[in-house]
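Structure record follows, encoded as C-alpha coordinates.
Residue numbers (our numbering): 1131 to 1265.
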(Lines of atoms letter the chains of each structure in order from A and count residues from 1; the text may use other names and numbers.)
(Lines give C-alpha, C1' and ligand atoms only; values in the text may rest on other atoms or scores of the structure.)
Protein backbone atom coordinates (compact mmCIF):
# COMPACT_ATOMS: atom_id res chain seq x y z
CA UNK A 1 0.00 0.00 0.00
CA UNK A 2 1.32 3.22 -1.12
CA UNK A 3 0.78 6.30 0.94
CA UNK A 4 0.85 9.63 -0.71
CA UNK A 5 1.93 12.47 1.40
CA UNK A 6 0.58 15.86 0.71
CA UNK A 7 3.22 18.40 -0.01
CA UNK A 8 2.98 21.46 2.07
CA UNK A 9 3.05 24.75 0.29
CA UNK A 10 6.14 26.75 1.07
CA UNK A 11 5.58 30.03 2.71
CA UNK A 12 7.18 33.01 1.03
CA UNK A 13 8.10 35.99 3.12
CA UNK A 14 7.02 39.30 1.68
CA UNK A 15 7.55 42.76 3.03
CA UNK A 16 4.40 44.81 3.19
CA UNK A 17 4.85 47.50 0.57
CA UNK A 18 1.75 49.48 1.44
CA UNK A 19 3.19 50.83 4.68
CA UNK A 20 6.51 51.59 2.98
CA UNK A 21 4.76 53.52 0.21
CA UNK A 22 2.76 55.45 2.82
CA UNK A 23 5.94 56.49 4.62
CA UNK A 24 7.61 57.59 1.36
CA UNK A 25 4.61 59.74 0.41
CA UNK A 26 4.47 61.28 3.89
CA UNK A 27 8.16 62.21 3.65
CA UNK A 28 7.60 63.65 0.17
CA UNK A 29 4.70 65.78 1.40
CA UNK A 30 6.74 66.94 4.41
CA UNK A 31 9.66 68.07 2.27
CA UNK A 32 7.38 69.77 -0.25
CA UNK A 33 5.66 71.74 2.49
CA UNK A 34 8.83 72.75 4.34
CA UNK A 35 10.96 73.67 1.33
CA UNK A 36 11.19 77.34 0.50
CA UNK A 37 10.59 77.90 -3.20
CA UNK A 38 10.76 81.71 -3.10
CA UNK A 39 12.94 83.32 -5.73
CA UNK A 40 14.68 86.44 -4.54
CA UNK A 41 13.67 89.52 -6.47
CA UNK A 42 16.45 91.72 -7.73
CA UNK A 43 16.72 95.05 -9.43
CA UNK A 44 17.09 94.98 -13.20
CA UNK A 45 20.23 96.89 -14.08
CA UNK A 46 21.94 97.09 -17.43
CA UNK A 47 25.62 97.12 -16.56
CA UNK A 48 28.05 98.85 -18.91
CA UNK A 49 30.48 96.80 -20.92
CA UNK A 50 33.98 96.61 -19.50
CA UNK A 51 36.89 97.79 -21.54
CA UNK A 52 40.31 96.27 -21.18
CA UNK A 53 42.28 97.98 -18.47
CA UNK A 54 45.55 97.36 -16.73
CA UNK A 55 45.26 95.11 -13.69
CA UNK A 56 45.42 97.03 -10.46
CA UNK A 57 48.28 96.10 -8.18
CA UNK A 58 47.86 96.08 -4.45
CA UNK A 59 49.59 98.99 -2.85
CA UNK A 60 50.84 97.76 0.49
CA UNK A 61 53.75 98.13 2.82
CA UNK A 62 54.53 95.04 4.87
CA UNK A 63 56.22 95.32 8.25
CA UNK A 64 57.42 92.06 9.80
CA UNK A 65 58.26 91.57 13.48
CA UNK A 66 60.06 88.31 14.21
CA UNK A 67 60.13 86.32 17.44
CA UNK A 68 63.16 88.23 18.71
CA UNK A 69 61.32 91.54 18.19
CA UNK A 70 63.43 92.67 15.22
CA UNK A 71 61.62 94.76 12.62
CA UNK A 72 61.76 94.23 8.85
CA UNK A 73 60.35 96.59 6.23
CA UNK A 74 59.51 94.29 3.36
CA UNK A 75 62.40 91.82 3.40
CA UNK A 76 64.95 94.38 4.60
CA UNK A 77 65.93 94.45 8.30
CA UNK A 78 65.56 97.94 9.73
CA UNK A 79 66.41 99.57 13.03
CA UNK A 80 63.34 100.34 15.11
CA UNK A 81 64.41 104.01 15.33
CA UNK A 82 64.55 104.31 11.51
CA UNK A 83 61.10 102.79 10.95
CA UNK A 84 59.25 106.12 11.14
CA UNK A 85 61.41 107.79 8.49
CA UNK A 86 61.25 104.84 6.08
CA UNK A 87 57.48 104.47 6.49
CA UNK A 88 57.00 108.20 5.96
CA UNK A 89 59.01 108.01 2.71
CA UNK A 90 56.90 105.11 1.42
CA UNK A 91 53.57 106.58 2.51
CA UNK A 92 54.33 110.04 1.10
CA UNK A 93 54.47 108.50 -2.40
CA UNK A 94 50.92 107.15 -2.02
CA UNK A 95 48.94 108.05 1.13
CA UNK A 96 46.37 105.32 0.40
CA UNK A 97 48.91 102.51 0.79
CA UNK A 98 47.90 99.75 3.14
CA UNK A 99 50.29 98.99 6.01
CA UNK A 100 50.23 95.28 6.88
CA UNK A 101 51.89 94.30 10.14
CA UNK A 102 52.85 90.64 10.35
CA UNK A 103 54.00 90.00 13.89
CA UNK A 104 55.13 86.68 15.31
CA UNK A 105 52.61 85.20 17.73
CA UNK A 106 55.26 84.84 20.44
CA UNK A 107 56.05 88.56 20.74
CA UNK A 108 54.44 90.87 23.22
CA UNK A 109 51.47 92.73 21.78
CA UNK A 110 52.88 96.10 22.83
CA UNK A 111 55.64 95.78 20.20
CA UNK A 112 53.03 95.41 17.44
CA UNK A 113 51.06 98.34 18.89
CA UNK A 114 54.23 100.46 18.87
CA UNK A 115 54.69 99.69 15.17
CA UNK A 116 51.04 100.59 14.53
CA UNK A 117 51.51 103.90 16.36
CA UNK A 118 54.62 104.67 14.31
CA UNK A 119 52.78 103.85 11.07
CA UNK A 120 49.88 106.09 12.05
CA UNK A 121 52.26 108.93 12.95
CA UNK A 122 53.99 108.45 9.58
CA UNK A 123 50.66 109.09 7.84
CA UNK A 124 49.22 105.62 7.29
CA UNK A 125 45.44 105.71 6.95
CA UNK A 126 44.86 101.96 6.56
CA UNK A 127 46.53 99.35 8.75
CA UNK A 128 46.03 95.64 9.30
CA UNK A 129 47.46 93.29 11.87
CA UNK A 130 47.78 90.04 9.92
CA UNK A 131 46.65 86.75 11.45
CA UNK A 132 46.46 83.16 10.26
CA UNK A 133 43.27 81.15 10.00
CA UNK A 134 43.05 78.22 12.38
CA UNK A 135 41.91 74.99 10.73
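Yeah, the Cβ is synthetic: ideal placement off N, Cα and C, and Gly gets one too.
Residue closest to residue 1256, alpha-carbon to alpha-carbon, out of 1243, 1239, 1235 and 1230: Residue 1230 holds the alpha-carbon nearest to the alpha-carbon of residue 1256 among 1243, 1239, 1235 and 1230.
Would you kindly check if the distance between the Cβ of residue 1196 and the Cβ of residue 1234 is under 8 Å? Yes, Cβ-Cβ distance for residue 1234 and residue 1196 is below 8 Å.
So residue 1245 packs on residue 1201, CB below 8 Å; how close in whole Å? Yes, residue 1245 and residue 1201 are in contact; Cβ-Cβ is about 7 Å, under 8 Å.
For the alpha helix (DSSP H) containing residue 1250, name the first residue and the last one. 1239-1251 is the span of the alpha helix (DSSP H), which, as asked, contains residue 1250.
Under a Cβ-count criterion, where at least 16 other Cβ atoms within 10 Å of its own Cβ denotes burial, should residue 1193 be classed as buried or exposed? Its Cβ being crowded by 16 or more others within 10 Å, residue 1193 is buried.
State the Cα-Cα distance for the pair residue 1156 and residue 1165, rounded to the nearest angstrom. Using only the alpha carbons, I get a separation of about 14 Å.
Quick one: using the 10 Å Cβ neighbour count with 16 as the cut-off for buried, is residue 1205 buried or exposed? So residue 1205 ends up on the exposed side.
Do residue 1252 and residue 1221 have their C-beta atoms within less than 8 Å of each other? Yes. Within cutoff.
Identify which residue in 1249, 1198, 1159 and 1191 has its Cα closest to the Cα of residue 1214. Closest option to residue 1214, Cα to Cα, is 1249.
Going by Cα to Cα distance, which pick from 1254, 1210 and 1238 is closest to residue 1190? It is 1254.
Throw me the rounded Cβ distance for the residue 1232 and residue 1260 pair, which I believe falls under 8 Å. Contact flag correct, Cβ pair sits at about 4 Å.
From residue 1158 to residue 1140, what distance separates their C-alpha atoms? Take the alpha-carbon of residue 1158 and the one of residue 1140: they are about 37 Å apart.
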